[in-house]
Structures are given as C-alpha cells and as structure tokens.
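Participant:
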Amino acid sequence: LEHRIAATLGRAGLDQVEKTVAEFEAEVGRTCNVVGTLETTEKLLRLALPPDKVAEIIDEIKGPNGRNIWEKLAHLQPQLLAGYLRNEYPQTVAVILAKLPAAHAARILRLLPERLAADVSIRLVRINSIQRSVLNDIEDTLKREFVTELSRSYERDSTSIMAEMLNRSEKDVLDRIMASLEEAEPQAAARIRRIMFTFEDLRRVDRATFGILIGECAVEKLPVALSGASPELSEMFLSGMSERAANMLREEMETMMAPRRKAVDEAQAEIVALARRLNDEGRILINDEEEDNEALY
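At position 222 of the sequence shown the residue is numbered 839 (our numbering), and the sequence of numbers has no breaks.
#1: Can you tell me which of the three DSSP states ILE809 falls into?
#2: Under 8 angstroms by Cβ, that's how I've got ALA737 and ALA711 pegged, so tell me the actual separation to the nearest angstrom.
#3: Distance, Cα to Cα, GLU898 vs ALA825?
#4: In the DSSP output, which residue or residues are listed as bridge partners for ILE903?
#5: Please tell me whether, using a cut-off of 6 angstroms, the distance from the CB of VAL836 to the nearest non-hydrogen atom of the ligand GTP is below it.
#6: Does the segment 694 to 708 come close enough to the segment 722 to 729 that 3 or more CB-CB pairs lie under 8 angstroms?
#7: My assumption, with CB atoms under 8 angstroms, is that VAL889 sits in contact with THR815. Please give the rounded CB distance.
#8: In three-state terms, what does DSSP make of GLY630?
#9: Assuming LEU839 contacts LEU866 under a Cβ cut-off of 8 angstroms, what Cβ separation, rounded to an integer in Å, is found between them?
#10: Let me confirm a value: TYR701 is counted as buried when at least 16 other C-beta atoms fall within 10 Å, else exposed. Which label applies?
#11: Let me know the secondary structure DSSP gives PRO707 once reduced to three states.
#12: Please classify MET853: is it buried, with 16 or more other beta-carbons within 10 angstroms of its beta-carbon, or exposed?
#13: Got a sec? Which residues, its chain only, sit under 7 angstroms from GLU849 by beta carbon, not counting five neighbours each side?
#14: Going by C-alpha to C-alpha distance, which of ALA807, ILE812, ALA862, ARG810 sits closest to GLY832?
#15: State the Cα-Cα distance for the pair ALA780 and ARG893, rounded to the nearest angstrom.
#16: Reducing DSSP to helix, strand and coil, say where HIS721 ends up.
#17: Name the residue from ASP789, GLU688, ARG732, ASP754 whose alpha carbon lies nearest to the alpha carbon of ARG878.
#18: Quick one: what's got a C-beta closer than 7 angstroms to MET873's C-beta in the same chain, skipping five residues either side?
#19: Could you please give the first and the last residue of the uninterrupted alpha helix (DSSP H) stretch that includes MET874?
#20: Closer than 8 angstroms by C-beta to ALA615: which residues in its own chain qualify, once you throw out the five before and the five after it? Chain order, please.
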C-alpha cells in the first residue's frame with residue numbers, strides 16, 4: 618500500500634513537505650521511543666542483503682566479539698595456530714582456515730600433519746557456506762581456549778622483554794625499577810630475576826668455553842667491567858688468560874683511575890650481550906644453574 622501511495626503522490630510543494638516533517642517530528646517526540654538493537658539491525662539488513670553480506674556487516678558492528686577474533690588469528694605466527702589446530706576436528710580446522718587470508722591459511726596448512734592436512738583440504742573444497750551458528754560456536758571456543766592461553770603466553774613474553782630491557786640498563790636504574798616491581802608485582806619481579814642474565818651470571822659460563830668469551834671481549838672494556846665485578850668473577854677471567862695477559866690486566870686495573878659507574882655498567886652490559894650472542898651461536902655454553910659450573914673450578 619505504501620509503495621502505491623508513493624508512486625501516485627505526484628509533486629509536493631515545499632510548504633507541504635516542511636509541514637509534514639514538522640508533524641512527524643512532533644509525533645515521534647510525543648509518542649514513540651526509537652529502539653535500535655543488534656537484532657533489529659540484523660533483521661533490517663536481511664530484508665535487503667544476502668546472508669553472507671549481512672554476516673560481514675554484523676561482524677564489523679560487533680567488533681571484538683566478532684571480526685576481531687579473526688584479525689587476531691590472521692596476525693598470529695602460523696606455528697602457534699597450527700599447534701593448536703592439530704588437536705581439532707578436520708571440519709573445524711577447515712572452517713577456521715576458510716576465514717583466514719589465503720596466504721596465511723596456506724602456511725598453516727603446510728605445518729599440519731600430512732593426514733590431517735589432506736582431510737582438511739578435502740573439506741575446504743566442499744565448503745559452500747558456513748552457518749552463522751556454527752561460526753559463533755567456533756569463535757566462542759577460540760576466544761575461550763586459544764586466545765586466553767595465548768594471552769598468558771604474551772604475559773610470559775612481556776616478562777622476558779622486561780628482563781632484556783633491565784639487562785641493558787644501568788645498575789641504579791635496574792635497582793630502582795626492581796624495587797618498584799617487587800613492591801607492586803612481586804611474582805612478576807621474581808620471574809624477571811629468574812630470566813635476567815647479569816654480569817655476575819657470567820660465572821655460569823662453562824669453564825671449557827670461557828676462553829672463547831675472553832678472546833672475544835674488547836680489550837679496553839674488560840678492565841672497566843671487572844672493576845665492578847666480584848672477586849670470584851674477576852679471578853675467573855684472570856685464570857682463563859695466559860699468565861702474561863693476566864698480569865697486564867691486573868696491572869691496568871690497579872693503576873687506572875676509578876671509572877664512573879655508568880662506564881662500568883656499559884662495559885658490563887656489552888660483555889653480557891656478547892656472551893648471550895656467543896651462547897646463541899653455540900660457541901660457548903651457559904649452564905642453567907651456577908652449581909653446574911662449580912665442579913669445573
């Protein structure tokens with residue numbers, strides 16, 4: 618009926634249009650409440666758009682509860698997601714991969730066990746459309762299980778990042794930050810201390826490979842760094858050198874002016890970074906516990 622009326626309306630004057638608009642505004646303000654919900658929006662969209670387009674728009678509106686879960690997965694390292702999907706049903710894996718960018722999905726598929734990857738590939742080919750209820754269930758499971766666990770791993774990663782930052786900080790800065798952390802977040806502070814590798818932790822370097830570290834150290838940095846070291850660590854360096862080199866180092870440490878604390882911290886940080894790099898390259902061995910090295914002294 619409304620369409621027929623609109624078709625036969627003809628030309629309306631400006632005065633008539635303004636009068637009609639004013640009456641409409643008054644009527645709405647007096648008798649009506651404007652209601653807008655996700656459900657009513659979806660119903661209106663379904664009147665004009667195909668189901669897949671409606672689902673896409675609703676995902677955009679829902680934000681973190683919809684679209685955002687797939688954005689998170691699209692930016693995850695393939696190894697992480699593949700590790701999770703190994704234990705899922707092939708049909709579930711196929712639905713998840715179908716929602717990801719093709720290049721990202723391909724990298725994940727290559728990391729799956731051969732039999733699972735083949736099964737998932739067949740199911741991917743057979744997917745025509747995904748029911749919204751099925752997608753909702755998968756999204757809820759991903760948020761509840763995978764993303765929650767991932768957030769815990771990010772928390773662990775943030776602890777490692779903080780430890781790395783403090784490793785590169787001057788001692789007074791390190792002490793001040795750790796004091797604040799121990800007061801506000803004692804558990805996090807304890808984790809950071811376990812992860813941190815300080816200059817004194819060089820005592821954990823295996824004695825059999827310690828000479829490699831000494832040989833790679835910058836000659837001008839060593840006396841400065843050792844001026845702030847414990848007697849035990851200083852002796853470890855000296856005993857790893859030739860007698861002539863050790864005597865020269867002792868003499869330099871005895872005769873040089875006391876270096877500034879900042880210079881000591883910088884020299885120690887440089888040697889610590891060197892030790893970590895050599896350990897990563899497999900050229901030296903850093904034991905997990907200092908006790909592992911005591912038998913070698």
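Heads up, the beta-carbon is just placed ideally off N, CA and C, and yes, glycines get one too. Just so we're clear, the structure is a prediction, and the values are computed from it rather than from any experiment.
Facilitator: Looking at the coordinates:
#1: Locating residue 809 in the sequence shown gives position 192, counting from the first residue. In this structure, ILE809 counts as helix in the three-state DSSP scheme.
#2: Mapped onto the sequence shown, residue 737 falls at position 120. Mapped onto the sequence shown, residue 711 falls at position 94. The sequence shown places Val at residue 737, rather than the Ala named in the question. The pair is a contact, with the Cβ atoms about 5 angstroms apart (cut-off 8 angstroms).
#3: Translated into positions along the sequence shown, residue 898 becomes position 281. Translated into positions along the sequence shown, residue 825 becomes position 208. Taking the straight line joining both Cα atoms gives about 16 angstroms.
#4: The residue you call residue 903 lines up with position 286 of the sequence shown. Its beta-bridge partners are VAL822.
#5: What this structure holds is no ligand at all, so the ligand GTP is not there to describe.
#6: yes
#7: Counting from 1 along the sequence shown, the entry for residue 889 is found at position 272. Counting from 1 along the sequence shown, the entry for residue 815 is found at position 198. 7 angstroms between Cβ atoms; contact.
#8: Counted from its first residue, the sequence shown places residue 630 at position 13. In this structure, GLY630 counts as coil in the three-state DSSP scheme.
#9: Translated into positions along the sequence shown, residue 839 becomes position 222. Translated into positions along the sequence shown, residue 866 becomes position 249. With a Cβ gap of about 7 angstroms, LEU839 and LEU866 count as contacting.
#10: In the sequence shown, residue 701 corresponds to position 84, counting from 1. Burial call: buried.
#11: As a working note, residue 707 is residue 90 in the sequence shown. Three-state DSSP puts PRO707 in a helix.
#12: For the purposes of this step, residue 853 is taken as residue 236 along the sequence shown, with counting starting at 1. It counts as buried.
#13: Numbered from its first residue, the sequence shown carries residue 849 at position 232. ARG820, listed in sequence order.
#14: For this step, residue 832 is matched to residue 215 along the sequence shown. The shortest C-alpha separation from GLY832 is found at ALA862.
#15: Within the sequence shown, residue 780 is the residue found at index 163, counting from 1. Within the sequence shown, residue 893 is the residue found at index 276, counting from 1. Rounded to whole angstroms, ALA780 to ARG893 spans 13 angstroms at the Cα level.
#16: Locating residue 721 in the sequence shown gives position 104, where the first residue counts as 1. Helix, per DSSP.
#17: Working through the sequence shown from its first residue, we reach residue 878 at position 261. Comparing Cα-Cα distances from ARG878 to each of ASP789, GLU688, ARG732, ASP754, the minimum goes to ASP789.
#18: The residue given as residue 873 occupies position 256 in the sequence shown. Cβ within range, chain order: PRO840.
#19: Residue numbering aside, residue 874 sits at position 257 when the sequence shown is read from its first letter. Element bounds for MET874: n/a, residue is neither H nor E.
#20: In the structure as shown, the chain begins at 618 and stops at 914. Residue 615 is therefore absent and cannot be evaluated.
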